[in-house]
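Enquirer: Here the sequence shown is numbered in my numbering, starting from 1 and rising by one per residue.
Where is the CB? At the ideal position from N, CA and C, for every residue including glycine.
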Amino acid sequence: MKIISVTGYKKSGKSLLIEKLISELIKRGHVGTIKHIHNTDLNPKGTDTRRHMDSGADKAIGVTSTGAAVYSSNTTLEHALDELANAGMDYTVVEGFKDSHLPRIVMGDLELPYTVKKLSTGPNGITDATITELLNIIEQQPEYYTLDSLIVYMKRHPRINEAGAIGSFTGIVRQKTGEIETKALEFESYEGIAKQKLQQLENDIKERKGIIDIKIYHKTGWVMPGEDIVYIVVAASHRQQLFLALSDAIERIKTEIPIWKKEHTTTGEFWVEGHL
1 MKIISVTGYK KSGKSLLIEK LISELIKRGH VGTIKHIHNT DLNPKGTDTR
51 RHMDSGADKA IGVTSTGAAV YSSNTTLEHA LDELANAGMD YTVVEGFKDS
101 HLPRIVMGDL ELPYTVKKLS TGPNGITDAT ITELLNIIEQ QPEYYTLDSL
151 IVYMKRHPRI NEAGAIGSFT GIVRQKTGEI ETKALEFESY EGIAKQKLQQ
201 LENDIKERKG IIDIKIYHKT GWVMPGEDIV YIVVAASHRQ QLFLALSDAI
251 ERIKTEIPIW KKEHTTTGEF WVEGHL
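1) Do you know whose CA, among Ile229, Arg156, Arg104 and Ile216, lies nearest Lys14's CA?
2) Of the residues Thr177, Gly62, His238 and Val106, which one's Cα is nearest the Cα of Pro44?
3) List the endpoints of the continuous beta strand (DSSP E) containing Met107.
4) Going straight from the alpha carbon of Ser120 to that of Met107, what length do you get?
5) Report back the beta-carbon spacing between Tyr91 and Leu25 to the nearest angstrom; my notes put them in contact at under 8 Å.
6) Pick from Tyr217, Glu83, Glu186 and Val233: whose alpha carbon is nearest that of Lys197?
7) Please name the residue or residues paired with Ile253 in a DSSP beta bridge.
8) If the criterion is Cβ atoms closer than 8 Å, does the pair Val93 and Ile180 meet it?
9) Could you name the residues of the same chain whose beta carbon sits closer than 7 Å to that of His157, not counting the 5 residues immediately before and after it, in chain order?
10) On the three-state DSSP scale, how would you describe Asp213?
11) I'd like the span of the alpha helix (DSSP H) that includes Glu83, first residue to last.
12) In terms of alpha-carbon separation, which member of Glu162, Ile229 and Gly8 lies closest to Ser237?
13) Would you decide whether Ser65 is buried or exposed? Buried here means 16 or more other CB atoms lie within 10 Å of its CB.
14) In angstroms with no decimal places, state the Cα-to-Cα distance between Ser12 and Leu110.
15) Determine the DSSP secondary structure at Ser189, reduced to helix, strand or coil.
16) With a threshold of 16 other CB atoms inside 10 Å of the CB of Ala129, please say whether the residue is buried or exposed.
17) Just the C-alpha distance for Lys155 and Ala165, rounded to the nearest angstrom, thanks.
18) Evaluate Tyr9 with the Cβ neighbour count: other Cβ atoms within 10 Å of its Cβ, from every protein chain shown; 16 or more gives buried, anything less gives exposed.
19) So, helix, strand or coil for Glu132, using DSSP?
20) Going by alpha carbons, who is nearest to Leu201 out of Asp248, Lys219 and Gly210?
21) Within a Cβ cutoff of 8 Å, which residues of the same chain sit near Val152, ignoring the five residues on either side of it in sequence?
22) Evaluate Tyr190 with the Cβ neighbour count: other Cβ atoms within 10 Å of its Cβ, from every protein chain shown; 16 or more gives buried, anything less gives exposed.
23) Going along the chain, which unbroken runs of the beta strand (DSSP E) with 3 or more residues stay wholly within the region 17-63?
24) Specify, as a first and last residue, the run of the alpha helix (DSSP H) that Ser149 falls within.
25) Taking 8 Å as the threshold (C-beta atoms), are Lys98 and Leu84 in contact?
26) Assuming Ile126 and Lys2 are in contact, meaning their beta carbons sit under 8 Å apart, how far apart are those beta carbons, in whole angstroms?
27) Pick out the complete beta strand (DSSP E) segments inside the region 213-248, 3 residues or longer, and give them in chain order.
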């Protein structure tokens, strides 16, 4: 899933820009949006869904003849992004969230980090050429994956009718190893080379008999105990082919991909060879 944030003052034209981006992005895939809403209760007191939440429900869904609304006790941007990725979105446009680390298009004279494009023109200055430029910028952004989003990707594969199984491996941060407790793991990589090597690994495994497709996603940066590090998802004709592909991919990531792991533990910090 490609993500872009659009930020600007009120009446800067950001909503109109988002509408134009959505109209073009839906020609390329599934599109979701996230809006940062201030001082508005979307699930007001007196409604049944609010009563459900007040009684302890983690999530409530209101369904009408024209649509549905999901209410959740989790209000983080990261949770919302995961929800859209899990639903199989190819693109997500985020309105607002000035404090996020997302790549952003800024409307007006705001000075913000992570800006990939600044537009000084008002709503009337958003031309077709501008939209084309912004679409190219969006396509250059890194992919955002969850395990569920990779499984959705596999189920949409044009050859999925040849598959008899979809299998996955998820590497997570182990918190305790004997008496040692891990506080965090830190991953670094040669980004361009690592991406190229992962692509080559995927291509090698896809050439095997019975393998429909394989997708690998490895996080970099800081990962906390219990959080996911790496996803490997394989679609194959038979389970034996699938299990072997998963096992081989795990071992080859450890030995071939230029990603390095630093452990932050209760006994000190150190780099580790073989990062999974």
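Expert: Based on what the coordinates show:
1) Arg104
2) Gly62
3) Arg104 to Met107
4) 6 Å
5) 5 Å
6) Tyr217
7) Paired residue(s): none; Ile253 is not in a bridge.
8) no
9) Ile212, Asp213 and Ala235
10) strand
11) Leu77 to Asn86
12) Glu162
13) exposed
14) 11 Å
15) strand
16) exposed
17) 10 Å
18) exposed
19) The amino acid at residue 132 is misidentified as Glu; the sequence shows Thr. Here Thr132 sits in helix by DSSP.
20) Asp248
21) Asn86, Ala87 and Gly88
22) exposed
23) 31-35 and 59-63
24) Leu147 to Lys155
25) no
26) The pair is not a contact, with the Cβ atoms about 20 Å apart (cut-off 8 Å).
27) 221-223 and 228-236
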